[in-house]
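S.K.: Below is a structure I'd like to ask you about.
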Amino acid sequence: MLLKQIYQDIHAAKERDPAARSTLEILLCYSGLHAIIAHRINHRLWRAGFRLLARLNSQVTKFFTGVEIHPGARIGSRFFIDHGAGTVIGETSEIADGCTLFQGVTLGGTGKEAGKRHPTLCEDVTVGAHAQIIGSFAIGRGSVIGAGAVVLDPVPEYTTVIGHKAFVLRRKGKRVYDFRHDRLARGLDPMDTYESRLEQIEKHLNLPDVSPASVPQPSPEASADATEPSTPLPAEHDGQSHTQALIQQWMRQRNRT
Ligand SMILES: CC(C)(COP(=O)(O)OP(=O)(O)OC[C@H]1O[C@@H](n2cnc3c(N)ncnc32)[C@H](O)[C@@H]1OP(=O)(O)O)[C@@H](O)C(=O)NCCC(=O)NCCS
């Protein structure tokens with residue numbers, strides 16, 4: 069059974085890595101494969117109750133391969149880790165048959181859950197380099213996680229996801245940004261999102277429209293006479309500073325409520 073699994077893992081590397089030339093090369097040079105073989109042994113030790121030994125072996129394997137797989141993780145057949153360095157697979161992760169991980173992937177917990185706290189990858193999932201999948205949820209069969217993605221929610225089957233979520237939420241203990249991912253359609257052009265947010269803020273504050281189109285233009289005769297505009301716009305009405313003032317005012321109001 070163990071040998072069959074190792075044979076299938078070698079075959080998976082051959083099949084999925086165009087750079088792989090021979091079985092011997094894969095056996096000798098693929099640290100991802102070395103980590104998987106060690107895990108297959110460590111997982112058996114773990115299940116047989118030799119937990120400290122299993123943990124110790126997994127740390128030794130990490131030292132040599134750069135791949136840290138907790139011996140409790142359950143991994144199906146035809147698993148391939150390409151390159152591998154920096155990959156971390158947590159204790160309660162479950163990986164179904166035919167999955168592929170690139171280097172730097174984390175299958176981690178949020179630190180807030182107990183029990184099952186790491187992700188489940190269904191069959192034939194591919195996780196791109198340095199993607200971070202955090203929490204106890206499933207990535208559907210055949211899905212692809214783009215390189216560098218930070219995934220915090222379940223992904224349906226045969227779906228490709230990209231991108232990450234980091235933004236300033238709290239400063240010095242105070243919430244400063246009311247961004248709610250679940251209220252925004254994804255995939256919007258960031259500038260469109262920004263403009264529509266600004267419009268919402270203006271409506272919310274009931275401010276007069278100060279866009280260039282709404283500012284009355286002097287008649288051609290008047291402007292021919294005038295060397296300077298008779299009523300220049302206040303400094304806060306010019307582009308950037310006006311926008312910043314609106315946002316600050318809106319945030320002050322949010323923080324009071
Ligand atoms: C996500 C991925 C699978 C491509 O999926 P795809 O459906 O073929 O997507 P496309 O290449 O057609 O790109 C579609 C759009 O997504 C963007 N995109 C692709 N991958 C992205 C990623 N990882 N992060 C952010 N944006 C990405 C592209 O720039 C493109 O944007 P555009 O439409 O504005 O030009 C691929 O880019 C990826 O990340 N693969 C992981 C491979 C990896 O880790 N290799 C490491 C080898 S060492």
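Going by the working numbering, the sequence shown wraps up at 325, each residue one higher than the last.
Glycine is no exception: its CB is placed at the ideal position from the N, C-alpha and C atoms.
Using only the alpha-carbon positions, how far apart do V236 and K72 sit?
M.R.: Distance between the alpha carbons of V236 and K72 is about 49 Å.
S.K.: Entirely within the region 81-119 and at least 4 residues each: give me those alpha helix (DSSP H) ranges in chain order.
M.R.: DSSP runs (the alpha helix (DSSP H)) wholly in the region 81-119: 91-97 and 99-115.
S.K.: For ligand 1, is there a heavy atom less than 7 Å away from the beta-carbon of T228?
M.R.: T228: yes, Cβ under 7 Å from ligand 1.
S.K.: Looking at C-alpha atoms only, which residue of Y98, S126, L121 and T160 is the closest neighbour of A106?
M.R.: Considering only alpha carbons, the answer is S126.
S.K.: Taking just the CA atoms, how far does D221 sit from G140?
M.R.: Going by the C-alpha atoms only, they are around 23 Å apart.
S.K.: Using 8 Å for Cβ pairs, my map puts I202 next to G176. What's the rounded Cβ distance?
M.R.: Confirmed, about 5 Å.
S.K.: So is I315 buried or exposed if we call it buried at 16+ other beta carbons inside 10 Å?
M.R.: By the 10 Å Cβ count, I315 comes out exposed.
S.K.: For E136, count the other beta carbons within 10 Å of its own beta carbon; 16 or more makes it buried, fewer makes it exposed. Which is it?
M.R.: Buried, since its Cβ has 16 or more Cβ neighbours within 10 Å.
S.K.: State buried or exposed for D150, treating a residue as buried only when at least 16 other CB atoms are found within 10 Å of its CB.
M.R.: Buried is the call here.
S.K.: Alpha carbon to alpha carbon, how far is V156 from T178? Give it in angstroms, no decimals.
M.R.: About 14 Å.
S.K.: Using DSSP with H/G/I as helix, E/B as strand and the rest coil, what is K233?
M.R.: K233: coil per DSSP, three-state reduction.
S.K.: Going by CA-CA distance only, name the one from V223, V219 and H79 that's closest to K233.
M.R.: K233 has its Cα closest to that of V219, out of V223, V219 and H79.
S.K.: Quick check on this structure: which residue in T129, N110, F132 and A116 has the alpha carbon closest to the alpha carbon of A122?
M.R.: For A122, the nearest C-alpha among the options comes from N110.
S.K.: Would you call the CB atoms of A199 and Q171 closer than 8 Å?
M.R.: No; because the gap between Cβ atoms is not below 8 Å, this pair is not in contact.
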